[in-house]
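Peer 1: Residue numbers (this note's numbering): 174 to 347. Submitted below is the structure of interest, expressed as structure tokens.
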């Protein structure tokens with residue numbers, strides 16, 4: 174990870190990075206873990222600087238074999254317990270649902286940022302694609318807010334945002 178700190182330091186602050194076009198050699202795994210609650214850890218210690226987490230999040234990519242931090246010259250595997258981001262805020266404006274993540278990305282649910290839902294013992298769990306296959310899980314409070322916005326269409330319970338309907342479950346399964 175000798176090159177990563179220098180690379181991160183020189184990044185433009187808000188410019189999208191073309192991480193999907195970078196194909197450096199895999200340099201092994203690094204002890205970075207993103208916990209289910211969205212906390213980033215390095216060597217078992219939480220990364221407490223939001224700016225550092227934001228920088229790492231910008232060079233995060235999901236490959237077929239897992240999550241990696243990638244620069245033009247190196248690629249390092251990391252551990253992600255569920256998904257890398259947490260949606261922490263939601264706004265509904267003109268029929269579109271926009272979410273803010275724990276790393277201050279803003280995404281509007283629609284064709285480019287689909288919602289998906291899984292079910293577990295606690296009920297349905299909503300996720301939104303943030304970018305290039307990286308997802309955010311909505312907090313439990315946001316999941317409840319989202320459920321309050323759901324509607325039934327043709328026997329399917331779901332959410333509409335930006336003109337797109339995202340099915341949660343058939344209405345008879347609820």
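In this text, a Cβ means the ideal position worked out from N, Cα and C, and glycines have one as well.
Going residue by residue through the segment 245 to 294, where are the continuous beta strand (DSSP E) segments of at least 3 residues, counting only ones entirely within it?
Peer 2: Counting only runs of 3 or more, we get 248 to 253, 258 to 266, 269 to 274, 279 to 281, 288 to 293.
Peer 1: I'd like to know whether the C-beta atoms of residue 282 and residue 196 end up nearer to each other than 8 Å.
Peer 2: No, they are not a contact pair.
Peer 1: Under a Cβ-count criterion, where at least 16 other Cβ atoms within 10 Å of its own Cβ denotes burial, should residue 175 be classed as buried or exposed?
Peer 2: Summary for residue 175: the model assigns pLDDT 46, below 50, so the residue's position carries little reliability; its value from the coordinates is reported in the next sentence. With fewer than 16 other Cβ atoms within 10 Å, it is exposed.
Peer 1: With the cut-off set at 8 Å, would you say residue 232 and residue 221 are in Cβ contact?
Peer 2: The answer is no: Cβ separation not under 8 Å.
Peer 1: I'd like the span of the alpha helix (DSSP H) that includes residue 226, first residue to last.
Peer 2: Element bounds for residue 226: 223 to 231.
Peer 1: Using a Cβ-Cβ cut-off of 8 Å (strictly less than) and excluding sequence neighbours within five positions of residue 268, which residues of its own chain qualify?
Peer 2: Excluding residues within five positions, the ones whose Cβ falls inside 8 Å are 333, 334, 335, 336.
Peer 1: Taking 7 Å as the cut-off, does the CB of residue 221 come closer than this to any heavy atom belonging to the ligand SAH?
Peer 2: Ligands in the displayed structure: none, and consequently the ligand SAH is not present.
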